[in-house]
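Going by my numbering, the sequence shown opens with residue 90, and the numbers climb by one from there.
Structure record follows, encoded as structure tokens.
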Amino acid sequence: MEFRRLRTLFGQMPIDGSRRCAGSATMRADFDLPETTLMSACQTPVIVALDFPTREAALRLADQLDPKLCRVKVGKELFTSCAADIVETLRHRGFEVFLDLKFHDIPNTTAMAVKAAAEMGVWMVNVHCSGGLRMMAACREVLEQRTGPQPLLIGVTVLTSMEREDLAGIGLDIDPQVQVLRLAALAEKAGMDGLVCSALEAQALKAAHPSLQLVTPGIRPAGSAQDDQRRILTPRQALDAGSDYLVIGRPISQAADPAKALAAVVAELA
Numbered sequence: 090m091e092f093r094r095l096r097t098l099f100g101q102m103p104i105d106g107s108r109r110c111a112g113s114a115t116m117r118a119d120f121d122l123p124e125t126t127l128m129s130a131c132q133t134p135v136i137v138a139l140d141f142p143t144r145e146a147a148l149r150l151a152d153q154l155d156p157k158l159c160r161v162k163v164g165k166e167l168f169t170s171c172a173a174d175i176v177e178t179l180r181h182r183g184f185e186v187f188l189d190l191k192f193h194d195i196p197n198t199t200a201m202a203v204k205a206a207a208e209m210g211v212w213m214v215n216v217h218c219s220g221g222l223r224m225m226a227a228c229r230e231v232l233e234q235r236t237g238p239q240p241l242l243i244g245v246t247v248l249t250s251m252e253r254e255d256l257a258g259i260g261l262d263i264d265p266q267v268q269v270l271r272l273a274a275l276a277e278k279a280g281m282d283g284l285v286c287s288a289l290e291a292q293a294l295k296a297a298h299p300s301l302q303l304v305t306p307g308i309r310p311a312g313s314a315q316d317d318q319r320r321i322l323t324p325r326q327a328l329d330a331g332s333d334y335l336v337i338g339r340p341i342s343q344a345a346d347p348a349k350a351l352a353a354v355v356a357e358l359a
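Here it is, written out as structure tokens:
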């Protein structure tokens, strides 16, 4: 994977993250760029969650991060507040964007939402696997029918905040890992590119479905607060378990120095 090159990169970059590319605050103006320059070649598996209520707060963090060291995730709160403008702005700052809206509806409605996300230029978009095989297959089909860059189409299995008692509360009296494997089989059959899953499910998923890319939230560097995530691992543990991309939120976004916190995570993975 691309992040294997980090040993070379970090031989040239101080741990405080002071070495920046064209994504530094002083160089990130809002101006029109050719399409080919909007995306940076991110060299790590790190995705920083921009879990903020406003555009200003999200960009305040983004302007402290290097798009060569991370991608960014735009979730429901930020997207509802800012709409497509936030995706365009982040792309013009050099970031690849994971649009984390977890679409879940009838097949045609979900497929059209995925198509709209692709036309925004997002790097990754996700849907709930619990929407079923026909819904996921419709999303795959609509992407294959369009020209241009294709986002990664990722399925959401079981939210990392859910444990067995939570599943029992919605009528599924089974371990989360069992439900994850059931949904993973559907996702692979539908032609999905990968899955969102807990790092604790990653090893079993890689063994059963090696072609699927695994996106793991609930990542907490050693010493970080667990917050509301239940099934968590450190970044190094998650990669060793088979995760391909790591979603990290508060340990970076709420750090006194987000750039330094990001650099420390990436250095751990090099």
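Yeah, the Cβ is synthetic: ideal placement off N, Cα and C, and Gly gets one too.
Please read these numbers as outputs of a predicted model, since none were measured by experiment.
Own chain, CB closer than 6 Å to residue i, minus 5 neighbours either side, in chain order
{"i": "residue 322", "result": "288"}
{"i": "residue 34", "result": "Outside the shown range of the chain, which is 90 to 359, sits residue 34, and nothing can be said about it."}
Other residues of its chain near residue i: CB distance less than 7 Å, five sequence neighbours each side excluded
{"i": "residue 326", "result": "288"}
{"i": "residue 228", "result": "199, 200, 203, 216, 242"}
{"i": "residue 222", "result": "275, 278, 279"}
Assigned exposure category for residue i - 16 Cβ within 10 Å defines buried
{"i": "residue 235", "result": "exposed"}
{"i": "residue 262", "result": "exposed"}
{"i": "residue 264", "result": "exposed"}
{"i": "residue 291", "result": "buried"}
{"i": "residue 151", "result": "buried"}
{"i": "residue 189", "result": "buried"}
{"i": "residue 136", "result": "buried"}
{"i": "residue 157", "result": "buried"}
Length of the line joining the Cα atoms of residue i and residue j
{"i": "residue 308", "j": "residue 247", "result": "15 Å"}
{"i": "residue 210", "j": "residue 349", "result": "29 Å"}
{"i": "residue 195", "j": "residue 142", "result": "28 Å"}
{"i": "residue 183", "j": "residue 278", "result": "34 Å"}
{"i": "residue 334", "j": "residue 284", "result": "10 Å"}
{"i": "residue 233", "j": "residue 255", "result": "36 Å"}
{"i": "residue 168", "j": "residue 208", "result": "15 Å"}
Close-in-space but distant-in-sequence residues of the same chain around residue i (CB under 8 Å, 5 per side omitted)
{"i": "residue 212", "result": "128, 160, 185, 186, 187, 240, 241"}
{"i": "residue 344", "result": "350"}
* To do: Return the chain-ordered ranges of every beta strand (DSSP E) run that is complete within the segment 195-244 and spans a minimum of 3 residues.
  => 213-217
* Within the segment 172-197, ranges of the alpha helix (DSSP H) (whole runs, at least 4 residues) -> Those alpha helix (DSSP H) runs which fall completely within the segment 172-197 and span 4+ residues are 173-181.
* To do: Could I get the ranges of all uninterrupted alpha helix (DSSP H) runs contained in the segment 264-302, with 4 residues as the minimum, in chain order?
  => Within the segment 264-302, the complete alpha helix (DSSP H) segments at least 4 residues long are 265-279, 288-297, listed from N- to C-terminus.
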